[in-house]
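In terms of the working numbering, the sequence shown opens at residue 14 and continues consecutively.
Glycine residues also receive a C-beta, built at the ideal position from the N, C-alpha and C atoms.
Keep in mind that this is a model prediction, so the values were computed, not measured.
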Amino acid sequence: MGPDVAPILAEARQRVDGLLGAWSERVQTFVPGRTGEALGYSLTTPGKRVRAALVISAYRSVGGISPAIAAVAAAVETVHTYSLVHDDLPCMDDDDLRRGRATTHRAYDVPTATRVGFLLVPVAALVLAQATKDLVLSSELLGRMARELFEAGGIEGMVGGQWMDLEAERRTLDHDGLIAVHRGKTGALIRAACVLGGLAAEAPRPTLEALANYGHEIGLAFQIADDVLDVTATSAQLGKTAGRDAALAKSTYVSVLGVDRARSEAAALASHAIRHLEQAGVSTATLGALAHYIVSRKS
Ligand code: GRG
């Protein structure tokens, strides 16, 4: 099945948290006052860093060897952090707890958290630009990587998916509708994390396609597992408020299919994801372990 996932995640956390800590200091030199402080707060909240681990593992699985890949992972985590700050706002999921801490608008206030979310997008662009410099990649590759990351974060991906999700509150989505929401709001960035690892390693097109297909499957699996955890885990385990989907009357995999079918669909997606890598001759050692972790995690 591949190696234990704990050291893979621990390494990603250690390296990416170090970089984001440094960026947190840097941004406060050009974003002054309370907003800069809140930006630092958001950048340094302790996430699991699954997307970071996917970037680093995808890179290494296709032959990348530079430790500077952690900076690409930090760029992806910065876009993810922006989405969490805005997702928690009263006009969206309206939550008080995130990563075991007060959400940014609770620790500060709504206007500050709104600014922080928007400011994190250009910060992500700066982090990515610095990453490609550290990796000594061409400006053409920086362009391809930026397009990958910000298209995934945009209307065709995360923003579009979240938009559909908000519009679907108090309405019942069918299975296909749910897949579209989940692939957009969560799957697109996870897919991009995998492709970015491949692009940074200058992998050939068929390898990039295999990483994209792997990411496509585990991206959906990730959100299905998140739906299951919302009803099976506690707020303490999750570091965020459990039971939020039911409270917001959201259609989820659990409300549409039930816990058991949701779990088995996620497991099937993880197997399909791994098969895409095998078919392209990409190592499944760490990416396989991450796929299994994503569908069986407890937080
Ligand atoms: C303006 C419509 C509009 C959207 C703005 C807010 C937003 C963009 C998108 C929200 C996307 C979102 C929050 C999707 C859920 C993704 C998800 C499952 C998050 C939890 O990820 P984990 O478990 O969290 O990896 P950690 O804290 O470990 O990083």
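The ligand GRG heavy atom lying under 7 angstroms from the CB of residue i
i: Asp239; result: yes
i: Leu22; result: no
i: Gly34; result: no
i: Thr245; result: no
i: Arg114; result: no
i: Gly170; result: no
i: Lys198; result: yes
i: Gln143; result: no
i: Lys146; result: no
i: Gly60; result: yes
i: Leu261; result: no
i: His99; result: yes
From the options, residue whose alpha carbon lies closest to that of residue i
i: Asp260; options: Val244, Ala280, Ala234 and Leu270; result: What sits at residue 260 in the sequence shown is Ala, not Asp. Ranking Val244, Ala280, Ala234 and Leu270 by Cα distance to Ala260 puts Val244 first.
i: Thr116; options: Ser284, Leu33, Thr58 and Arg160; result: Thr58
i: Val40; options: Val140, Tyr266 and Tyr306; result: Val140
i: Thr94; options: Leu132, Ile82 and Asp109; result: Leu132
i: Ser312; options: Val295, Tyr54, Lys253 and Asp122; result: Lys253
i: Asp178; options: Ala84, Val18 and Arg196; result: Arg196
Next item on the list: Can you check the segment 212-289 for any alpha helix (DSSP H) of at least 4 residues that lies completely inside it and give the ranges in chain order?
Entry: 218-245, 248-251, 257-260 and 266-270
Notebook entry, point to check: Looking at C-beta atoms only, is the number of pairs between the segment 199-208 and the segment 167-179 that lie closer than 8 angstroms three or more?
Noted result: yes
Next item on the list: Taking 8 angstroms as the threshold, find out whether the segment 298-305 comes into contact with the segment 58-70 through three or more Cβ pairs.
Entry: yes
Next item on the list: Report the residue ranges of all alpha helix (DSSP H) runs contained in full by the segment 35-80; include only those spanning at least 4 residues, in chain order.
Entry: 46-56 and 63-74
Check: At which residue ranges does the segment 88-130 contain complete alpha helix (DSSP H) runs of 4 or more residues, listed in the order of the chain?
Finding: 117-120
Margin query: Using 8 angstroms as the cut-off, can you tell me whether the segment 172-192 makes contact with the segment 259-276, which would need three or more C-beta pairs spanning the two stretches below that distance?
Written below: yes
Check: Between the segment 212-227 and the segment 285-294, are three or more C-beta pairs nearer than 8 angstroms?
Finding: Between the segment 212-227 and the segment 285-294 there are three or more inter-stretch CB-CB distances shorter than 8 angstroms, so the stretches are counted as touching.
Note to self: So, does the segment 268-279 touch the segment 206-216, judging by three or more C-beta pairs under 8 angstroms?
What the structure shows: no
Notebook entry, point to check: When the Cβ atoms of the segment 146-153 are set against those of the segment 117-137, are three or more pairs found closer than 8 angstroms?
Noted result: no
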